[in-house]
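Undergrad:
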Amino acid sequence: MAGAGRGAELPPLRCFQGMDLDHHVGMTLQTKFVRIALLLALSLIVLGRDAEAQVLNSGAKTITLQAVLTDSISVSLSSSAVNFNLTAGSASNPGSTGVTATTSWLLKPSAGTVTLYAFFSSSAAALTDGAGNNIPSADFQISDNAGPFTALTTTVPFGGASAGLTLSSTRILGNNRSSSHTDVLNFNINLSTLPNMPAGTFTGTLTLQAQAI
Amino acid sequence: MKTRKLLRIGAIALGLALATTMASAQAINSGAQTIALNATLAESLTLSLSANSVNFTLAAGSAANAGSTNITATTAWVLKPGRTAVGVYAYFANAASALTDGAGDNIPSSAFFIADNAGPSTALTSTVAFGAANGGMQLANVAITGANKNSSRTDVMAFNINLTGGTLPQLPAATYTGTLNIQAQATP
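So the protein sequences, as listed, match chains P and C.
Counting in the numbering used here, the first sequence runs without a single skipped number right up to 404 at its last residue.
Counting in the numbering used here, the second sequence runs without a single skipped number right up to 533 at its last residue.
(1) Counting pairs of Cβ atoms below 8 Å between the stretch 395-405 of chain C and the stretch 414-421 of chain C, do you hit three or more?
(2) Rounding to the nearest angstrom, what Cα-Cα distance links N417 (chain P) and D450 (chain C) in this structure?
(3) With 16 other CB atoms within 10 Å as the buried threshold, where does V259 (chain P) fall?
(4) Roughly how many angstroms lie between the CA atoms of A342 (chain P) and A460 (chain C), to the nearest whole one?
(5) Where D330 (chain P) and A372 (chain C) are concerned, what is the direct C-alpha to C-alpha distance, given to the nearest angstrom?
(6) If you run the structure through DSSP and keep just helix, strand and coil, what is R428 (chain C)?
(7) Please work out which residues of its chain come closer than 7 Å, Cβ to Cβ, to S384 (chain P), disregarding the five sequence neighbours upstream and downstream, and give them in chain order.
(8) With 16 other CB atoms within 10 Å as the buried threshold, where does Q378 (chain C) fall?
(9) Tell me, please, whether the CB atom of I363 (chain P) is closer than 7 Å to any CB atom in chain C?
(10) Would T294 (chain P) be called buried (16 or more neighbouring beta carbons within 10 Å of its own) or exposed?
(11) Please decide whether A377 (chain C) counts as near chain P, where near means a Cβ-Cβ distance under 7 Å.
(12) If T291 (chain P) and T373 (chain P) are in contact, beta carbons under 8 Å, what's the gap, nearest whole angstrom?
(13) Do we get a CB-CB distance below 7 Å when we pair A492 (chain C) with the residues of chain P?
(14) Please name the residue, chosen from C:V431, C:V433, C:L403 and C:S455, that lies closest to A519 (chain C) on a Cα-to-Cα basis.
(15) Are there 16 or more other CB atoms within 10 angstroms of the CB of F311 (chain P), so buried, or fewer, so exposed?
(16) Assuming L382 (chain C) is part of the beta strand (DSSP E), what are its boundary residues?
(17) Which one of P:L247, P:F340 and P:G280 has the shortest CA to CA distance from N495 (chain C)?
(18) Does the stretch 435-449 of chain C come close enough to the stretch 468-476 of chain C to have 3 or more Cβ pairs within less than 8 Å?
(19) Is M367 (chain C) helix, strand or coil when you go by DSSP?
(20) Under 7 Å between C-beta atoms, does N383 (chain C) make it to chain P?
(21) Any beta carbon of chain C sitting closer than 7 Å to that of S283 (chain P)?
(22) Within 10 Å of its beta-carbon, does F275 (chain P) have 16 or more other beta-carbons around it, so buried, or fewer, so exposed?
(23) Name the DSSP beta bridge partners of L394 (chain C), please?
(24) Are there three or more Cβ pairs, one per stretch, closer than 8 Å when the stretch 474-491 of chain C is compared with the stretch 420-431 of chain C?
(25) Assign G321 (chain P) to one of three DSSP states: helix, strand, or coil.
(26) Can you tell me the Cα-Cα spacing of S297 (chain C) and T524 (chain C), whole angstroms?
(27) Given a threshold of 16 other Cβ atoms within 10 Å of its Cβ, counted over all protein chains shown, does V246 (chain P) qualify as buried or as exposed?
(28) Spell out whether any CB of chain C is found under 7 Å from the CB atom of F393 (chain P).
(29) Sort P:N381, P:F393 and P:W296 by Cα distance to N366 (chain P) and report the nearest one.
(30) Let me make sure I understand the geometry here. Which of P:L298, P:T398, P:I404 and P:V375 has the alpha-carbon closest to that of F340 (chain P)?
(31) Taking F458 (chain C) as the reference, give the member of C:I506, C:T429, C:S407 and C:T445 with the closest Cα.
(32) Hey, A384 (chain C) and I333 (chain P): beta-carbon distance below 7 Å or not?
(33) Look up N314 (chain C) in the DSSP assignment and give the residues it is bridged to.
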């Protein structure tokens with residue numbers, strides 16, 4: 192049917208030459224109509240394409256993020272060995288070098304204090320010659336940050352009973368939950384209370400440890 | 346019903362508070378850092394004298410020719426475990442000529458006497474750890490125990506020259522000089 196309709200319209204186009212005026216006007220209207228129809232079709236195609244270009248979204252998928260900043264506390268030392276040249280009976284036998292202890296921490300809001308301790312595992316034998324002759328922790332002294340020399344005679348959270356010393360205690364506030372503290376330690380062995388100390392080489396291990404609570 | 350609800354809420358709140366308190370009370374410790382300590386108390390044995398010269402005004406043939414002064418010898422020691430004794434000795438380098446005039450006239454060590462700490466006067470006729478054979482004497486012998494590895498002792502020495510023995514009564518007038526040595530030894 193469409194083909195027949197189109198065939199009925201075609202003959203006037205093919206017979207354009209030599210036709211009369213009325214026939215020519217009819218031809219022009221027919222051409223106009225065709226043009227409008229073509230324009231409408233073209234517009235519909237374009238509009239259809241526009242409809243196809245609209246964004247297409249998927250469903251939203253979530254990723255759970257968890258970042259953990261672990262609390263930590265550490266102590267580092269500038270040196271790990273100190274020597275002493277002892278004089279029998281002398282109260283003043285300084286160590287060969289000072290040691291700087293740097294305590295660094297990153298703490299939870301619940302932490303209230305960071306404390307640095309020095310201690311021996313045994314108060315009776317802080318240093319020993321291995322032959323039963325000992326220098327007790329009571330005769331081993333530390334000066335912290337140029338403070339007075341203090342013997343290690345306190346019981347602290349670590350080490351032997353009566354074999355320790357609290358070097359420093361830092362209160363944790365809102366502005367120092369991530370911070371550090373420096374303790375410059377100088378050492379002395381007091382032999383004035385050890386009149387019968389025999390000659391020998393006395394060795395020992397002093398331990399430094401920090402605690403946040 | 347309302348009371349029960351309130352009680353439940355209170356219990357939950359108490360539980361939470363306790364949990365929070367426990368969490369905040371947990372201590373966090375750093376790793377332990379160690380410092381190796383090495384203290385050396387060197388072994389030593391020293392002897393010092395209160396004076397280092399003594400004069401004698403001799404009387405020919407006399408047994409008693411006392412020195413002008415007493416001398417105190419102080420022996421101090423810091424010893425390693427294992428030492429068992431400290432000996433203090435006086436001696437001459439030559440027993441035959443403890444003192445000499447340089448012209449062949451000698452006073453032997455056997456005529457030289459020391460009284461240690463007001464003890465008896467004793468001639469230097471023993472062979473000791475130092476000096477010449479038969480030219481010395483032991484002033485002191487201290488047993489070392491756990492209680493005196495770091496200690497000292499004093500010996501107050503009074504001197505005398507006895508010119509009565511042998512040919513000494515015939516000793517010519519002259520100035521006789523000599524050197525007495527005092528020395529200590531820790532053994533073994």
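All C-beta atoms, glycine included, are put in the ideal place defined by N, C-alpha and C.
Treat the numbers as computed from the prediction; the structure is a model and nothing was measured.
TA: So, from the data block:
(1) Contact holds: three or more Cβ-Cβ distances are below 8 Å.
(2) Since the first residue of chain P shown is 192 and the last is 404, residue 417 (chain P) is not available in this structure.
(3) Answer is exposed; the Cβ neighbour count stays below 16.
(4) The straight-line gap from Cα to Cα measures roughly 47 Å.
(5) Whole-angstrom Cα-Cα distance: 30 Å.
(6) Three-state result, R428 (chain C): coil.
(7) The sequence shown places Thr at residue 384 (chain P), rather than the Ser named in the question. For T384 (chain P), where only same-chain residues beyond five positions count, the Cβ hits under 7 Å are D330.
(8) Buried, because 16 or more other Cβ atoms sit within 10 Å of the Cβ of Q378 (chain C).
(9) So no, I363 (chain P) is outside the interface.
(10) Burial call: buried.
(11) Yes, its Cβ sits closer than 7 Å to a Cβ of chain P.
(12) That belief holds up - the Cβ atoms of T291 (chain P) and T373 (chain P) are roughly 6 Å apart, short of 8 Å.
(13) At least one chain P Cβ lies under 7 Å of A492 (chain C).
(14) Out of C:V431, C:V433, C:L403 and C:S455, the CA that lies nearest to the CA of A519 (chain C) is found in C:L403.
(15) Around the beta carbon of F311 (chain P), 16 or more other beta carbons sit within 10 angstroms, so the residue counts as buried.
(16) Here the beta strand (DSSP E) through L382 (chain C) covers Q378 to L386.
(17) The residue with the shortest Cα to Cα distance from N495 (chain C) is P:G280.
(18) Enough Cβ pairs lie closer than 8 Å, so yes.
(19) Bear in mind that the predicted position of M367 (chain C) carries a pLDDT of just 47, short of 50, making it too unreliable to give a figure here.
(20) In terms of beta-carbon proximity, N383 (chain C) lines the interface with chain P, with at least one pair separated by less than 7 Å.
(21) S283 (chain P) does not count as touching chain C.
(22) Flag for F275 (chain P) reads buried.
(23) The partner list for L394 (chain C) (beta bridge, DSSP) reads C:A418.
(24) Under the three-pair Cβ rule at 8 Å, the stretch 474-491 of chain C counts as touching the stretch 420-431 of chain C.
(25) The three-state secondary structure of G321 (chain P), taken from DSSP, is coil.
(26) Residue 297 (chain C) is absent from the structure shown; chain C starts at 346 and stops at 533.
(27) With fewer than 16 other beta carbons inside 10 angstroms of its own, V246 (chain P) counts as exposed.
(28) Taking Cβ atoms only, chain C reaches closer than 7 Å to F393 (chain P), which makes this a yes.
(29) For N366 (chain P), the nearest C-alpha among the options comes from P:W296.
(30) By alpha-carbon distance to F340 (chain P), the top candidate from P:L298, P:T398, P:I404 and P:V375 is P:V375.
(31) Considering only alpha carbons, the answer is C:I506.
(32) With respect to the 7 Å criterion, A384 (chain C) and I333 (chain P) are not classified as neighbours on the basis of their beta carbons.
(33) Chain C is shown only over 346 to 533; residue 314 (chain C) falls outside these bounds and no answer can be derived.
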